[in-house]
Amino acid sequence: GEKPKPAAEKTAAPAKMKIAMLLPGPANDAGWNTAAYQGLMKLKDSGYEVAFTESVPVANIEEAFRNYAEKGYGLIVGHGFQFGDPALKVAGQFANTKIFVSGKNPTNAKMLPNVGFIDQSEFEGAYLCGIVAGMTTKTNKIGYVAGMEIPGQLANLAAFTKAVEAVNPQAKVFGIITGSFSDPAKGKEAATAQIENGADIIMHAADSTGLGVIEAAKAKNVMLIGYGADQSALAPELMLTSLIPDLSKAITQQTERIDKGTFGGVWKAGIKDGIIDIAPLSAKVPQAAKDKVAQVRKDIVEGKFSVPEIYERIDKK
Amino acid sequence: MQACLSLRGITKCFGSFSALNHISLDVQPGEVLALLGENGAGKSTLMNIIYGLYQPTAGQILLNGQPVTFSSPLAAISHGIGMVHQHFMLVPAFTVAENVAIGQGKARLTLRLDQIAKELQQLAARYHLQVDPFARVADLPVGLQQQVEILKALHHGAKILILDEPTGVLTPKEITGLIQTVRSLAAQGTSVIFISHKLNEVLEISDRIVVLRQGQCVGEVSPQGTTPGDLARMMVGRDVSFQPDRQASPRGEAILVMDSVRAINDRGVAALQDISLAVHAGEIVGIAGVDGNGQTELAEIVTGLRLLTAGEVVIAGENLTNQTPLDFINQKVGHVPEDRKKNGSIKGFSLWETAVMKNHGNFPFSHSGILNHEKMIDHTQKLVRQYDVRMATIHQSAHSLSGGNLQKLILAREITATPKFIVVMHPTRGLDVGAIEFVHSQLLEARRQGAAILLISSELEEVMSLADRILILYEGKIVGQLLPDEYDPNHIGLLMAGAREAG
Amino acid sequence: MDVDILTGSMFWTSVIAATVRMAVPIYLAGLGEIFCERAGVLNIGIEGQMLTGALAAFFATYYSGSVLTGMLAGALAGLAMALLLGFLCIKRQLDQTTIGVLLNIFCLGLTSFSYRVIFGISATPPTIPPLAAVSIPFLSNIPVLGPALFQQNLFVYAALISVPAAYWLLFRTSLGLDLRAAGENPRAAETMGVNVVAMRYLGLCLCGALAGLAGAFLSLALLGRFVDNITAGRGFIALAIVIFGCWKPHRVLGAALLFGFAEALQLRLQAVGMNIPYQFMLMFPYVLTIIVLAMTSRRTFAPAALGQPYARENE
Amino acid sequence: MFIDFVQQHIVKKCTGTSATVILAAVILSLLCGAVFIALAGANPLEAYYDMLKSTLGRYYGVGEVISKSIPLVLIAAGVAIGFYGGQTNLGGDGQFYLGAIAAVWTGLLFAELPWPLVFILSWIAACLAGGAWGAIAGVLKAYLNTSEIIVTIMLNYVSVLFVSFLVHGPLKEKGGFIPQTATLPEELHLPIILEATRAHAGILVALIALLTLWFVIHKTVLGYRIRAVGQGLAGARYAGIHCGRYITLSLFLSGALAGLAGAIEVFGIHHRVLEGISSDFGFTAVIVALLGRLKPLGILGSALLLSGLVVGANAMQVSQGVPVSVVLMLESMMVAFVLLGESYRQTAAK
Ligand SMILES: Nc1ncnc2c1ncn2[C@@H]1O[C@H](COP(=O)(O)OP(=O)(O)OP(=O)(O)O)[C@@H](O)[C@H]1O
Ligand SMILES: Nc1ncnc2c1ncn2[C@@H]1O[C@H](COP(=O)(O)OP(=O)(O)OP(=O)(O)O)[C@@H](O)[C@H]1O
Ligand SMILES: [Mg+2]
Ligand SMILES: [Mg+2]
């Protein structure tokens, strides 16, 4: 495995700042955390000195920020909305450290110049996945397995549903919230339940729980849409596409903004910014769908179309 | 003849306390050796060492002249030693046959309960015991449980059999049976070590008597020409009176009145059927009967620990039917329970916490919810002095007292609370003669002061020497009432066994 | 919501099959817990033993290619952790609750550490093909029940067979009697020549091995992979169903099935679009456990000496 | 043979006092932990140095140790009351969450009232919420004989889910997207006692709770009865104590303290409720209570030890990149070694 060694390795470009990352779950969850971890590793490859701490419980966040700040890290990334509050609490005491939270900013909270938020519009990617699913399904039943009811997850599910409705009004989305990002056995059962209910495509956005979804789909030969990275290697025959958040780009852009002195505030970023995308579509996706996806994607990038951003359940009616 | 078991200089220390001090003893084949001694003299400790449960601090055990060490009971068992323990070593949730089968599987997998049951039935027939091999032990009255213990030891077929107070809970008839059994075992060559506080049966059963005091052998006598008084003197070191001094006292108003009471036991079976009785102030009413005929339930009924299914309980004019134990306590009801450790005291509680179990919530022991430790300790010190409770310190846990001393503490607590009514159950079970003498005198003193006393005991002699009236309980019914001039052990024994009183 | 779906036989077949799948790991662990609790040891560390078993089984299968090797490795790993608990709680007589809780924490750390050291971090974690279902001729053709019960993998059949086997061992053999005696009244057992310590170790070893197998079920049979904390609290459910099932194998199986049924049902009700906040759906199995437990526990069947350390010369 | 020798000549000599045992246990567990740290590619010596420096060698670290020990002390005091009453309360987590949410809910509802009143109201609400949760287990145990261990564990799941429902739905901050409640107004934040750290005045509440625990258990009729019920149910009933009431009461008090812990934690640290604010405090508190032998000083000591361990381990993760898994192993080994050392000391003392 790869271990960060903050003290040991001398970087090629010593001018570059040290970057630390706090993950809410294990780095190898094959989802939210792995995606961020891989982003961090890309930065490491490009010469930054990096470190990370994983599975940071809410109770320890503030302390972890502080520990890195005291160690002289220039940029600390908190990967999830729950890092927002503690970031704002700590940042005041460490003016030289920038804290970057990848998640929604807490409402009503006073912002600080050295805290930045990126509100990743994953739901834009989920919308594209919805188009794929809606135009590929034969049974007109589509499953969606989510981890917990947090904003990003809700928005993804709603956007996905909207897309399905838009391209295929007959199709229905059935979502299950498993209540956990780390219980693949439950994920597998959830997906099995959907498959037995007639679903022929299942999207997951549930990290380790999603690994169980993939197993269920493989067992019943049902098509899949993955999350976190291009998951086609996990089920080459079945994976239609995957929703990929790329945090490395976001962080690189932040370092540039730090250099330029424009760091801070809330930055809403999605497909247009190259932060969110979907993996290349598999051969199983009909050409019409591929065209539609390309079209919508172009519209989003050009600002002609804005994906509905809804934070509630609309999948089952 | 060579001794089949010899102890050489056995010493046993628990921490700094030495329970046994250089004990040496020989047991001959086919001999019945009785071991006597006050409570806490070290009898059970010595036996547990022979059985491999305890390791001696010093000394040696020889079997047929060969030194042996028993690291566990398994080793002792395999050398042909069997033991009936003073405290039941039974699994209540198992049947009798299962209890006997524990540890007996030769090949470890075969469990032939039917076979064992058959063997048990044969044994039981041979020794005139009545035990159903398939009954759950928890459902058996203590007398039968004791028989199960004896059957267990017999089933082992031991060459040396240790019986540690086996007769405490047996009826006179059962005791006679046990004595016969022991004699016939001895006749067949089995050596028996027999421990009891009942001096008459010791004289009857034994070939030789050894007396222990404070962990040392203080004498050895042959039963021939020895009287109970001699034995008592050897044990306690002074003269003991066996016949309490019961003077007539005026009988007052009725304190406890039970009217047509019915109750069920823990298994849901009818335990008391239509009991009506009254106990007056200044009177001791004895309840005689074989254990398991409703005595336990009767005691619980008159203290609020068990619900009635029908009838009424009135105490000093107050109807307390199905009220809580607290209501009974508040009505000045005392209770010396059957099981001193389970009910009468609380594990881990010190002597002074135990001494105020019932009135810790009252002045002066507490005030507006705050305990007054000083008052509690003072009070306890007084009780302990008055009742001669032998202890190391008042702060030790009550459960670490010897049985007799714990009993004295409980009696002290219950009697000094000047109860209007007190139910006393098996007050001297397991006590040595000296302690019995004291307990009896205290009960009579309470009577003199006007308490109404319900004395429940399976010890017929005790009931006859203390009670102003005896009621005989059989299968949950009162089957007879006798006044002192009608006391006749044979007649009472018949009634206890179920014969109805004529008229 | 598709109400008609609730009445179709397909639906119930799938519910039953899912019930069985969800029940097997907690049943296997619960069965193990029966053995050690019957011997008097409260093994709260069972979650940790499952976790260790899950990793060891995955690891062994991944490198040997043989599922049987994997199952063996899982059982041995669970057993090793049980022995550790045995040393501390039987030999050293430490508090069983504390050590159990500590063992769970330790195993969580140990497994995720070992997995990381062996396999590293990757977006495409290693897998093995999950154990295939074996359908039993004839039986699997029974309507509704057939496909649910007789098209399952080996673990499921093993679990079903284990019920009479465990019953026989516990209640029809001398060994079982001695083991139960050690948990009911260790002192009495000792005076009957039973080696109480050995019995307690035996119960704990059986428990560890079965817990390891339960973990192996998750990593081998169900998922074909390992993830951190893959057991997700199933060990605690196993503790519950043992009490629920009165320490008897068949009743514990029943309890496991009930729990599995609640899980399967709530997921399916979510899948068909029942509109209740999902938190209440997820609560269902736990609430059901409490209710059924409350209704059935008037009489207690717990081994009398459960959780009490046994030392010979103590009072 | 060898073990006997070690026990007689080494353990006996070295284990005169608890302090030396604890020291030896800590050193041994650090040695074992060093192997894993080295395997993880970090330098054990540096890691341990950072661990020590970050806890005792740093002003902020001391504050952090104190702040982390507050919920542990409170929940452990509750666990101890449960144990005194013969009840094992493994439901600390669930009671903590319910207490937290009840306190915040009440605090927000009555935010207009003067702050001392709001404090009192919301803490009472927390105690009632946590206590009610404990009392459910208590009533089921007392009157239906249902195992409180299982019920409290099951109730953990239920209350975590229930709080999740509340923060996603009815109690979600108005206009917010994040599943968390609104923030408590500034004047309801507990004052910080060590400036620029997180050590807040909740520690006083925790200390008062410990003193109260000791006083109630040993000096009051209530405590006498709880202990009586816990140590001998039949004896307590015989003594006229209403067993059912005191079983329920001991679990109620146990839950109430865990609920109070939740309130203190949100008033002192988070100022609002969101999911995940307890990282298994309930189970850790059981260890704290038993390690501290249910005694106030013992509980305080072991809570400080465990939170010191957590703070040190967090620092070690950051400075040396030691993974969290090693930290878990290190923590559990250290507590186990301390217990083991104590047991050897007691054997040797006999
Ligand atoms: N496990 C033990 N730990 C400490 N002290 C003990 C232990 N067992 C017995 N003792 C003490 O040793 C002494 C002898 O006890 P023992 O049980 O042998 O007496 P006994 O002669 O059998 O009395 P009794 O007639 O009451 O049965 C008592 O003072 C008792 O308190
Ligand atoms: N002798 C006993 N042995 C075992 N358990 C007992 C015993 N006595 C009481 N209990 C248990 O204690 C619990 C409550 O007992 P009890 O009925 O005395 O309560 P209570 O005094 O009526 O309480 P409340 O006044 O609140 O109704 C029950 O679970 C009961 O099973
Ligand atoms: Mg004795
Ligand atoms: Mg009542």
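Protein chains in written order, with the numbering used here: chain A, 408 to 724; chain B, 30 to 532; chain C, 18 to 332; chain D, 53 to 402. All residues carry an ideal CB built from backbone N, CA and C; glycine is no exception.
Report the three-state DSSP secondary structure of residue i (helix, strand or coil).
i	result
residue 515(B)	helix
residue 166(B)	helix
residue 307(B)	strand
residue 549(B)	The question about residue 549(B) has no answer, for chain B in this structure spans 30 to 532.
residue 515(A)	coil
residue 348(B)	strand
residue 629(A)	coil
residue 33(B)	coil
residue 381(B)	helix
residue 510(B)	strand
residue 472(A)	helix
For residue i versus residue j, is the C-beta distance shorter than 8 Å?
i	j	result
residue 251(C)	residue 107(C)	no
residue 262(D)	residue 129(D)	yes
residue 288(B)	residue 333(B)	no
residue 453(A)	residue 430(A)	no
residue 95(C)	residue 228(C)	yes
residue 260(C)	residue 273(C)	no
residue 284(B)	residue 450(B)	yes
residue 454(B)	residue 318(B)	no
residue 414(D)	residue 115(D)	There is simply no residue 414(D) to check, as chain D begins at 53 and stops at 402 in what is shown.
Would you report the Cα separation of residue i and residue j, rounded to the nearest angstrom?
i	j	result
residue 418(A)	residue 244(C)	Low confidence applies here, because residue 418(A) scores a pLDDT of 44, under 50, leaving its location unreliable and the question unanswered by this model.
residue 300(C)	residue 702(A)	43 Å
residue 344(B)	residue 400(D)	56 Å
residue 81(D)	residue 432(B)	46 Å
residue 411(A)	residue 371(D)	The predicted model places residue 411(A) with a pLDDT of 47, which falls under 50 and marks its position as unreliable; any figure quoted below should be read in that light. Whole-angstrom Cα-Cα distance: 10 Å.
residue 134(B)	residue 105(B)	17 Å
residue 196(B)	residue 174(B)	12 Å
residue 430(B)	residue 78(B)	21 Å
residue 271(D)	residue 390(B)	12 Å
residue 159(D)	residue 180(C)	54 Å
residue 27(C)	residue 333(D)	44 Å
residue 423(A)	residue 92(D)	26 Å
residue 324(C)	residue 83(C)	38 Å
residue 88(C)	residue 71(C)	9 Å
Tell me, to the nearest whole angstrom, how far the beta carbon of residue i is from that of residue j; I am working on the premise that it is less than 8 Å.
i	j	result
residue 619(A)	residue 592(A)	6 Å
residue 296(B)	residue 168(B)	6 Å
residue 480(A)	residue 443(A)	Between residue 443(A) and residue 480(A) the Cβ distance is about 16 Å, and since that is not below 8 Å, they are no contact.
residue 410(D)	residue 210(D)	No answer is possible for residue 410(D): it lies beyond the span of chain D, which begins at 53 and ends at 402.
residue 568(A)	residue 580(A)	4 Å
residue 539(B)	residue 125(B)	Residue 539(B) cannot be examined here, being either before or after the span of chain B that is shown, 30 to 532.
#### Entry: Residue ranges of each alpha helix (DSSP H) within the stretch 97 to 185 of chain C, 4 or longer
Unbroken alpha helix (DSSP H) stretches of 4 residues or longer found wholly inside the stretch 97 to 185 of chain C: 113 to 136 and 162 to 166, given in chain order.
### Task
Let me know the alpha helix (DSSP H) ranges lying completely inside the stretch 408 to 483 of chain B, each 4 residues or longer, listed in chain order.
If only complete runs of 4 or more residues are kept, the stretch 408 to 483 of chain B shows the alpha helix (DSSP H) at 432 to 445 and 462 to 477, in order along the chain.
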